[in-house]
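These notes are about the structure you will find just below.
Residue numbers (the numbering used here): 79 to 237.
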């Protein structure tokens with residue numbers, strides 16, 4: 079079942095990060111990412127042939143820089159309609175929803191996750207995701223967002 083997965087789609091805030099946004103005195107913004115997640119993307123996910131994809135509602139140079147660091151080419155920021163973004167991407171790639179795994183944490187991920195789930199894909203969330211998301215996931219990490227949840231899911235789908 080897992081060997082058909084070609085894309086791991088990830089949310090950022092609350093999934094790749096702990097969901098907190100730190101704002102400094104000069105209005106600079108900071109986010110914390112897990113090195114474990116980064117290692118999993120670079121050294122486990124990508125070598126397995128699964129492409130990492132990020133779809134996030136916010137726009138941030140921090141996320142762009144993180145993607146550059148880990149060679150994530152499929153980055154979509156400012157996505158108010160994650161379903162439309164994914165549909166367009168899959169159409170361009172000639173792929174289908176059953177080839178997708180998605181990890182997200184909050185209700186802004188619900189529609190896209192549910193669509194993937196109902197079409198044979200795999201959905202996951204950190205252990206601190208909201209209940210509505212947990213209810214539609216086939217995998218719930220034992221880790222919180224920003225603390226290795228993505229890495230744990232990567233290990234699960236690449237076993």
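From the three backbone atoms N, C-alpha and C, an ideal C-beta is built for every residue, glycine too.
- Secondary structure in the segment 149-230: the alpha helix (DSSP H) runs of 4 residues or longer, each lying completely within the stretch, are 160-171, 188-196, 209-212 in chain order.
- Distances from the CA of residue 92 to each of 172, 181, 175 were compared; the closest alpha carbon is that of 181.
- In the DSSP assignment, residue 133 falls within the unbroken beta strand (DSSP E) covering 129-133.
- Under the 10 Å beta carbon count, residue 83 is surrounded by 16 or more other beta carbons and is classified as buried.
- The beta-carbon distance between residue 223 and residue 97, rounded to whole angstroms, is 6 Å. This is short enough to meet the 8 Å contact definition.
- Scanning 152, 200, 221 for the CA closest to the CA of residue 170 turns up 152.
- One Cα belongs to residue 163, the other to residue 116, and the distance between them is close to 23 Å.
- The segment 97-130 is shown to contain whole alpha helix (DSSP H) runs of 4 or more residues at 113-118, in chain order.
- For residue 235, the secondary structure class from DSSP, reduced to helix, strand or coil, is helix.
- Beta-bridge analysis with DSSP links residue 87 to 131, 180.
- Selection 203, 206, 95, 185 evaluated against residue 113 yields 95 as nearest (Cα-Cα).
- Taking a cut-off of 8 Å for Cβ pairs, the segment 101-109 and the segment 211-219 do not touch, as fewer than three such pairs fall below it.
- Taking the CA atoms as reference points, residue 201 sits about 7 Å from residue 214.
- Restricting attention to 90, 228, 226, the CA atom closest to the CA of residue 156 is found in 90.
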